[in-house]
Amino acid sequence: MPLNDSKKSGQLAALMIVAFLVLGGASWLGDTARSTPVQAAGIVDNTNVDIRQPAARPPQQEEGACYCSSDIYNCNNFQYQQEAQACYDDCQAVNRGDIHELDSNSNGLACEELPLEPTPIGSQATPYSDPAFSDPVFRSLANADNLLTNGNFEAEFYGAPELGFEPPETGWIPNSWGWFKSQAYGKYNIYGTEGFGLVCPDDYRLFTDSALALSFHIQSSDQPDARLGVYQTVSVTPGQQYLFAMQGAIQSQPGAGSPDINNRLEVFFDQNGSSDWQATPLEKWTSLPWREQELEFEISGEDDPDLAKIESYYTIVKPNSNRMTVFLDAWRRWPNWRTTIFTVDCVSLTPLSQVDVAALAPRLTQLSTTAVDAALKGSGGVAAPASISGQPAAAPVTGAVIAPAAGGIVDTKSNWLLITAVSVVVILGLVGAGVWNARRQKE
Numbered sequence: 022m023p024l025n026d027s028k029k030s031g032q033l034a035a036l037m038i039v040a041f042l043v044l045g046g047a048s049w050l051g052d053t054a055r056s057t058p059v060q061a062a063g064i065v066d067n068t069n070v071d072i073r074q075p076a077a078r079p080p081q082q083e084e085g086a087c088y089c090s091s092d093i094y095n096c097n098n099f100q101y102q103q104e105a106q107a108c109y110d111d112c113q114a115v116n117r118g119d120i121h122e123l124d125s126n127s128n129g130l131a132c133e134e135l136p137l138e139p140t141p142i143g144s145q146a147t148p149y150s151d152p153a154f155s156d157p158v159f160r161s162l163a164n165a166d167n168l169l170t171n172g173n174f175e176a177e178f179y180g181a182p183e184l185g186f187e188p189p190e191t192g193w194i195p196n197s198w199g200w201f202k203s204q205a206y207g208k209y210n211i212y213g214t215e216g217f218g219l220v221c222p223d224d225y226r227l228f229t230d231s232a233l234a235l236s237f238h239i240q241s242s243d244q245p246d247a248r249l250g251v252y253q254t255v256s257v258t259p260g261q262q263y264l265f266a267m268q269g270a271i272q273s274q275p276g277a278g279s280p281d282i283n284n285r286l287e288v289f290f291d292q293n294g295s296s297d298w299q300a301t302p303l304e305k306w307t308s309l310p311w312r313e314q315e316l317e318f319e320i321s322g323e324d325d326p327d328l329a330k331i332e333s334y335y336t337i338v339k340p341n342s343n344r345m346t347v348f349l350d351a352w353r354r355w356p357n358w359r360t361t362i363f364t365v366d367c368v369s370l371t372p373l374s375q376v377d378v379a380a381l382a383p384r385l386t387q388l389s390t391t392a393v394d395a396a397l398k399g400s401g402g403v404a405a406p407a408s409i410s411g412q413p414a415a416a417p418v419t420g421a422v423i424a425p426a427a428g429g430i431v432d433t434k435s436n437w438l439l440i441t442a443v444s445v446v447v448i449l450g451l452v453g454a455g456v457w458n459a460r461r462q463k464e
């Protein structure tokens, strides 16, 4: 083969390798951008339901009635207690008594050692049979007065055309709530999300479904201090203590975080009942001690261990006027083009006197020992009274504030494939330039 042809073949091969790497990187980025984020797993997602089929009846019982002419059964012939009980009742109805000796202690109950047949999956549990009611705090909140309207976000939503990522997409705000956002450039949205799976105390108190939660969605924020939130003003009694509670999760696409926690959920109680979220310095807002969890774009399986876990927040507030506004705020501190979804549900503001404070005390967040003592006053826990501040102190930020390199846009851990491809392209380009330069010098 002539030398020139050999060189041309080598150059063509190098160009093909570069094109392959560039196309592969673009395809990978495109798949990431088009994927649908996976929402957090909730109580419903983690509930184990027995889906075994009921055992077949013994042969003599196939037509629906138990065979009672002679003793041919025992408890081993039945899978569930209800089946044995039906056979026992059939024989009692035809005056054959307990011919199969299914009632060992003569109390009218057959085969009590057998398990009960599980409730069909489609059936809705009654409030007091739901596992959530084994939690004394949940039980007391379900029977208490929530001053916040639509705190479980199961009522209707109204449109907010100013939100949404791309026209004609619009934001959806829960009824009875107002909304706000900062002027930092970026893509913002608020909407009701399905699949979060949280069962709220209000779902039972108001006889609503448990289908929806509220999500704040921030992406492609090119400026620091991006904020998005909702608020509601309520009537309160000055000097009375109230329990504020909420649940949720913060899910960030890999690379959206930073060593100093880039994405936070915050709460603030405006003691004047104002709807102006900028009236109070943001440094006085309380950051929830929730960790950033990975936002997945693909589900690897039904029992995926990487789905986000639900976190809870409880605190006590003592208003000093008859009007108070509750602000919920999703805050992204540094510029970042990746996606973060902040999801909240089961938001409530309840008179503390209606809550089981003894069970509540270990869950209280950001409160001093004296404040916990005050919450327990009269409950048999601690008798000494103490005053509670109307506004919990903001969560301390440990360590120096560190802005992520390049605004968090390039993350070496999550984008190794892209970084490797770019590096190879650069190296091949340099080699090609050197070969071309050497060839020119020879000519």
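The sequence shown begins at 22 in the numbering used here and counts up one residue at a time. Each residue gets a CB set at the ideal place from its N, CA and C atoms; glycine is no exception.
Could you give the C-beta distance for residue i and residue j, rounded to a whole number, given that I count them as a contact under 8 Å?
| i | j | result |
| --- | --- | --- |
| Y252 | S296 | 6 Å |
| H238 | N210 | 4 Å |
| V376 | A165 | 6 Å |
| G294 | S342 | 7 Å |
| L370 | L169 | 5 Å |
Is it buried or exposed for residue i, if we count other Cβ within 10 angstroms and need 16 for buried?
| i | result |
| --- | --- |
| K202 | buried |
| I271 | buried |
| D230 | exposed |
| I448 | exposed |
| T346 | buried |
| Q102 | buried |
| T258 | exposed |
| G218 | buried |
| F99 | buried |
| P383 | exposed |
| V220 | buried |
| V115 | exposed |
| L137 | exposed |
| N167 | buried |
| E104 | buried |
| P189 | exposed |
| F186 | exposed |
| E134 | exposed |
In chain order, what residues of the same chain lie with their CB nearer than 6 Å to the CB of residue i, ignoring the 5 residues before and after it?
| i | result |
| --- | --- |
| N196 | N171, A176 and E177 |
| L381 | V158 |
| D291 | T346 |
| C108 | C87 |
| D243 | Y206 and P356 |
| R312 | none |
| Q106 | A131 |
| I120 | C89, D92 and C112 |
| D66 | Note that D66 scores 37 on pLDDT, short of 50, meaning its location in the model is unreliable; the coordinates nonetheless yield the value given after this. G218, listed in sequence order. |
Could you check if residue i belongs to the surroundings of the ligand SAM, using beta carbon to heavy atom distance under 7 Å?
| i | result |
| --- | --- |
| G199 | Judged by which ligands are present, the structure shown has none, so any question about the ligand SAM falls away. |
Between which two residues does the beta strand (DSSP E) carrying residue i extend?
| i | result |
| --- | --- |
| P195 | G192 to P195 |
| D367 | First, the residue type needs correcting, since residue 367 is Cys and not Asp in the sequence shown. Element bounds for C367: T361 to P372. |
| E313 | E313 to E315 |
| L381 | Premise fails: L381 lies in the alpha helix (DSSP H), V378 to L381, not in any beta strand (DSSP E). |
| Y335 | E332 to V338 |
| D297 | Counting along the chain, D297 falls outside any beta strand (DSSP E), and DSSP gives it neither H nor E. |
| T346 | R344 to R353 |
| G129 | No beta strand (DSSP E) contains G129, which DSSP labels as neither H nor E. |
| F201 | G199 to K202 |
| Y179 | F178 to A181 |
Within a Cβ cutoff of 7 Å, which residues of the same chain sit near residue i, ignoring the five residues on either side of it in sequence?
| i | result |
| --- | --- |
| L249 | K202, Y209, I211, F237, I239 and A351 |
| Q299 | none |
| L184 | T191, G192, Y209, N210 and I211 |
| A247 | S203, A205, G207, I239 and R353 |
| E215 | A232 and L233 |
| T301 | F289 and D291 |
| R117 | C89 |
| S161 | Q375, V376 and D377 |
Please return the same chain residues whose Cβ sits closer than 8 Å to the Cβ of residue i, not counting the five positions on each side in sequence.
| i | result |
| --- | --- |
| G213 | F174, F178, W193, P195, L233, A234, L235 and S236 |
| A181 | T191, G192, W193, I194, W200 and I211 |
| E122 | D92 and N95 |
| L349 | G250, V251, Y252, M267, L286, E287, V288, V365 and V368 |
| D111 | A86, C87 and C89 |
| R55 | Model confidence at R55 stands at a pLDDT of 44, short of 50, so the residue's coordinates are unreliable; what they give is reported in the following sentence. Once the five neighbours on either side are set aside, R55 has no close Cβ partner at all. |
| G260 | K339, P340 and N341 |
| W198 | N171, V251, Y252 and Q253 |
Along the alpha helix (DSSP H) that carries residue i, what are the first and last residues, could you check?
| i | result |
| --- | --- |
| S161 | P157 to A163 |
| A114 | Q102 to A114 |
Does any residue of chain B bring its CB to less than 8 Å from the CB of residue i?
| i | result |
| --- | --- |
| L316 | The structure shown has no chain B; it contains just one protein chain. |
Can you list, in chain order, the stretches of the beta strand (DSSP E) that have 3 or more residues and sit fully within the segment 209-294? 233-240, 247-256, 263-273 and 284-291
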